[in-house]
Amino acid sequence: MNATRREFIATGSAAFAVACVPDWAQAFQPGAAADALRAEIADAALTHAATLGASYADIRINRYRRESISTREQQVQNVQRSTSYGFGLRVLVNGAWGFASSNVVDATSARHAAELAVSIAKANAMLATRKVVLADAAKVVTSWTSSFKKDPFEVSLETKIGFLLNLNKTALVPGVSFVTSQILFADEQKYFASSEGSRITQRLIRTYPQFQTTATDRASGDFQTRPVVDRAKLLGYEYVEEPMWLADAEKAGHEVVEKLKSKPVSAGRYDIVVDPTQLFLAIHESCGHATELDRALGYEANSAGTSFIKPTDAGKLRYGSNIVNMVGDRTQLGGLATTGYDDEGVKSDEWHIVRDGVFVDWQTTRELAPQIGQKRSHGCLHCDSWASVPFPRMPNVSLQPAKTDVTLDQLFSGIRRGLYIVGRGVSSIDQQRYNFQFGGGVIREIRDGKLGAMVRDAAYQSRTPDFWASCDGVGGPATYQLWGTAADGKGEPGQTNQVSHGCPPARFRNITVLNTAAV
Amino acid sequence: MLTRDAALTICETVLDHAKAAGAEDAQVSLSNVEESHARFADNRVTTSGRSEDLDITATVWVGRRRGAATVNDSSEGALKQLAGDAVQIARLSPVQREYLPTLGAQEYSADRGFAASTAEVDVFARAKALQGMLDACRSQKVTGAGFHTARAAASATATANGNRRYFRNTRADLSVTARTPDGTGSGYYSGDHFDLSKLDAQRIATEAVNKAIRSRNPQPIEPGNYPVILEPQAVSDLIGFFTGNFDARTADEGRSAFSGKDGKTRLGEAMFSERLNLYSDPMHAELPATPATNEGIPASRLSLVNAGVIENLAYSRYWAQEKKREATPGPVNYILESTQTPASLEDMIKGMKRGLLISRFWYVRLVDPRTMVLTGLTRDGLWWIENGQIKNPVRNLRFNQSVLAMLAPWNVEAIGRSERLAPYVVPALRLGAFTFTSISDAI
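Here the protein sequences come in this chain order: A and B.
Throughout the first sequence, residue numbering follows the working numbering, covering 1 to 519 in sequence.
Throughout the second sequence, residue numbering follows the working numbering, covering 1001 to 1443 in sequence.
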């Protein structure tokens, strides 16, 4: 037992936890009265907006709670809980959008927001060269809750702190200098109402554990890190109780010690096998963002950029080799972008983005779909807060596994000189999603089909169509894993999105690898 | 926007509730933000809105156990609940080993950097300004996209040991990207100020349009090492990775680019051009900052790099106590400037035999924290210079470049006049070498 743990137990805090945690948890639970109040406020806003000239309006009245715990080595650095409640109203007037939001949630505030939003829309309508047209959407009155077995907000703080300190202790193998770990839980309770009659209540629970080990050589001033930070899921506390966390912590400890002593990579051309722990990020950057229709239409030109794929390319553009199949999906179990309905009330969808290597379809919203002749949105509208304007965001975009049982060893076989790339390293890609550079958390040599020594300072560079064209092997269903990012940035003002990418490991031929310490 | 009295009354109310609930020490902070924006693309407004929020955070200690909670509701019931929640979390938490008593009363300079013109933006006046910018794009047959935002914020803090502080600030940002219809040219320009009336919307649009037209049909060059001129925007895109390394604790722990050999730091080393100063100053005329650090230490001018020598690292209250010294009065902003008379961009170009003129960088990431090697790409305007003249636009390039080497004494050839690009004030730089590793097809 570590010192902090002893201090913790000595005061009887564990018993106190059982008695006190439900107070905070229960205070957040909405009841019938809260539901009725939300409906009344929504009606006030939507009715007033219509009176002022809005042809369409929708409102999100959302309540969030979050709990975060951060630690380093054997001490707790911070325990923080937060709640946030407010609404955001979007109106369409004369074919132009207006939006207003407030943390004061009552009917008076809602009507004031309607006046502000309509005023903004009218001012913007003067500049409009084209009116916004929305794809049809079904009127929906329903509720939906994400899949979880154990509500993390009903688990004691002591248990959560115990998990992190045990993780740190396990990772602190000889040679590890530092370990930091965090866990964040989010509970989003969302209410959506539109002037078309939809009324949707949703609850989403997310769990975000992450940690990083660091090894230092004080004599030389050298240091290396091994982060495990991309494992968040739309699941409850049962995810934290899975056995892999401690095994991964110990592995990350040994790996960072080995990494500090490893040799630099020799720059050159390699066949590479990219593990799902890294490939998910390559998919995110090179396929996920490239197939957002708002980018292709220029909406993001001033910020995130456009796309190398043109709006007319669907069904025509060769994206990768025949074995590359990418699916957009907001229904996948555990996926961070999974939801019942998007933030304009469109039911979640699953569709092919790349089929047999050909780009076939976009990520769309009600505003975007008609611009490429589609009648229905794929349900990709999202806002990161009640205070944010909803706009197109990425669904879970996943590389499909081979239909046969291809193993990791089979992917290694036949490689004479290669690298196996595992875990998060640096990622960077241009504004049209052509040229990218990705690193890795742990990179090992492949020699004559066998895994070899760890190397450091390696990053691979390629061009999206060339990279996916060079893909000549993907793992089978048993190798498929779901990883994801909890902080995907886009838009102005910037918003963050949570999105997962499933994939098997995959093999790519003749890829440029840099030694980043020698540039 | 909450006034000083209203904001501190909320903080003190929570403080009282926290003490009543058993807190032995406490700090209550409040942030009240109003933000208004318009985003345009394809020569029209795509999204536009206004938001307001109020975050109140109570941090309390019971027997050196720390708890923190945040709400965005200032009703009496919510404030009492907030204090109770924070105390409850503290009682459930382990002892905080790095606990320090909250700050007592301090003397702060009056804050600068608040302008009513920014806080009270008129949406119809904004639409008129945007109309002028869109007209500038249409008249040159380019497609305009951009972003206009105005933000006003008030922050307040009260501690159980008597610290009271309240500050306000505003910030307006305007940026434009112009793209030619053939997709071969793209230009970007931006400006920001605490006073919206100081932003020249027409100039920002015109600069972006000119860059788009001048950058059409770029030609490829081989990746490699080239002399470069970085416009201030390009310096701003890189400099955050540099300024983020001045934390003393990280350096002392051996995991920073400013960690030295044998457990030492690189404090006092002449690592950079002797013509470069880097400092923080809350009273800077163009980029005034909140006159207190996040921990409430009264901010004053703090030199980080003096004539190329690392003069100070930044100490938090805790780390300062560990090292038996004072916490540093910053940094609260970053000003990089020349110790000598600045060179004009025109003179920098005239003085270059061959090299590249870079408008900005994109998707810059830290590759190696030991050497501050960054990777990223050029974007929205890259030109080849030969014999003192701009010859032709160049296809975009990916770089892998150490910031330490970039600012090294042997690499900095000329330094321009520094200008505000919040949260920095930075100059254009002419550098002897910059490493590019591949070509990008992106425009």
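Every residue gets a Cβ at the ideal spot worked out from N, C-alpha and C, and that includes glycine.
For Arg1317/B, the enclosing alpha helix (DSSP H) covers residues 1317-1322. Contact annotation: in the segment 435-463 of chain A, residues whose CB is within less than 8 Å of a CB in chain B are Asn435, Gln437, Gly439, Asp457, Ala459, Gln461, Arg463. In the DSSP assignment, Leu1357/B is bridged to Ile1229/B, Trp1383/B.
In terms of beta-carbon proximity, Tyr319/A stays away from the interface with chain B, with every pair separated by 8 Å or more. Neighbours of Asp1042/B in chain A, taken as residues whose beta carbon is under 9 Å from its own, are Thr129, Arg130, Leu297, Gly298, Tyr299, Ala301 in chain order.
Between the C-alpha atoms of Arg1164/B and Cys1011/B there is a straight-line separation of about 9 Å. For the options Phe308/A, Gly452/A, Gly236/A, the alpha carbon positioned closest to that of Phe412/A is the one of Gly452/A. At a cut-off of 8 Å between C-beta atoms, Arg509/A does not count as an interface residue with respect to chain B. In this structure, Leu368/A is the residue among Thr213/A, Leu368/A, Gln498/A, Ser143/A with its C-alpha nearest to the C-alpha of Thr291/A.
Contact between the segment 1323-1340 of chain B and the segment 1355-1374 of chain B is absent: fewer than 3 CB-CB pairs across the two stretches fall below 8 Å. The residues Val360, in chain order, have a CB closer than 6 Å to that of Gly315/A in the same chain once the five nearest residues on each side in sequence are set aside. Taking CB atoms only, Val1228/B has no neighbour in chain A less than 8 Å away. Per DSSP, Met1406/B is one residue of the alpha helix (DSSP H) stretching across 1403-1406. Proximity to Val1364/B across Leu1397/B, Gly1022/B, Ala1018/B peaks at Leu1397/B, based on C-alpha coordinates.
Between Ile429/A and Ile272/A, the gap from beta carbon to beta carbon reaches 8 Å or more.
Listed in chain order, the non-local C-beta contacts of Ala171/A below 6 Å within the same chain comprise Val179, Thr213, Ala249, Ala252, Gly253, local neighbours out to five positions each way being set aside. The DSSP assignment places complete beta strand (DSSP E) segments of no fewer than 3 residues inside the segment 26-86 of chain A at 56-72, in order along the chain. Arg1255/B carries a coil assignment under DSSP once its states are collapsed to helix, strand and coil. Leu1304/B counts as buried, since at least 16 other C-beta atoms from the protein chains shown sit within 10 angstroms of its C-beta. One thing to note: Asp106/A has its Cβ within 8 Å of the Cβ of Ile41/A. Listed as beta-bridge partners of Ile511/A by DSSP are Tyr270/A. If you draw a straight line from the Cα of Ala1299/B to the Cα of Asn1169/B, it comes to about 15 Å. Of the candidates Val513/A, Cys287/A, Thr339/A, Cys287/A places its Cα closest to the Cα of His352/A. Exclusion of the five residues before and after Arg81/A leaves Glu67 as the residues of its chain whose Cβ lies within less than 6 Å of its Cβ. Proximity of Asn1072/B to chain A, defined by a Cβ-Cβ separation below 8 Å, is satisfied. Here DSSP, grouped into helix, strand and coil, assigns Gly1144/B to strand. The bridge partners DSSP lists for Arg130/A come to none. Contact of Ser84/A with chain B by beta-carbon distance below 7 Å involves Asn1072. Counting along the chain, Glu350/A sits inside the beta strand (DSSP E) bounded by residues 350-355.
Gln400/A is the residue among Gln400/A, Thr464/A, Phe438/A, Ala486/A whose C-alpha sits nearest the C-alpha of Ala506/A. Scanning its chain for C-beta atoms nearer than 7 Å, with the 5 sequence neighbours on each side dropped, one finds around Leu333/A the residues Ser147, in chain order. The shortest CA-to-CA distance from Lys150/A to any of Lys259/A, Glu242/A, Phe99/A is the one to Glu242/A. Interface criterion met: the Cβ of Asn1400/B is under 8 Å from a Cβ in chain A.
Within chain B, the residues Thr1047, Ser1048 have their CB atoms less than 7 Å from the CB of Trp97/A, given in chain order.
Residue state for Gly414/A is assigned as coil, using DSSP reduced to three classes. A direct Cα-to-Cα measurement between Val141/A and Thr339/A gives close to 15 Å.
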